[in-house]
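Engineer: Per this note's numbering, residue 816 is the first one in the sequence shown, and the count goes up by one each step.
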Amino acid sequence: MPQRDPPARRRPRKKQISLTVAPELLTAVDALADQRGLSRAAMINLILSDAVTFRLTGDATNAR
């Protein structure tokens with residue numbers, strides 16, 4: 816019997832959340848997403864990641 820490769824390493828699944836956002840803020844997020852060619856969800860993930868990293872480290876140089 817041929818030897819099988821180990822299963823591919825998967826990224827952890829994301830958790831789905833519900834979020835209420837001011838219409839003006841959502842419009843701004845959508846505009847940023849359009850400029851970068853991202854989905855709304857991808858843009859929100861990027862913004863959250865950058866904000867949390869900044870809050871934890873105080874370093875904005877890695878903002879994307």
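From the three backbone atoms N, C-alpha and C, an ideal C-beta is built for every residue, glycine too.
Which one of Gln850, Arg855, Arg819, Thr872 has the shortest CA to CA distance from Val836?
Structural biologist: Locating residue 836 in the sequence shown gives position 21, where the first residue counts as 1. Considering only alpha carbons, the answer is Arg855.
Engineer: Beta carbon of Met858, beta carbon of Ala866: below 8 Å?
Structural biologist: The residue given as residue 858 occupies position 43 in the sequence shown. The residue given as residue 866 occupies position 51 in the sequence shown. Cβ distance not < 8 Å, so Met858 and Ala866 don't count as in contact.
Engineer: Using the Cα positions of Glu839 and Gln850, report the straight-line distance between them to the nearest angstrom.
Structural biologist: The residue you call residue 839 lines up with position 24 of the sequence shown. The residue you call residue 850 lines up with position 35 of the sequence shown. Cα-Cα distance, rounded: 17 Å.
Engineer: With a CB to CB cut of under 7 Å and the five nearest residues on each side skipped, what residues in its chain are close to Ala875?
Structural biologist: Position 60 of the sequence shown, counted from the start, is the residue given in the question as residue 875. For Ala875, where only same-chain residues beyond five positions count, the Cβ hits under 7 Å are Phe869.
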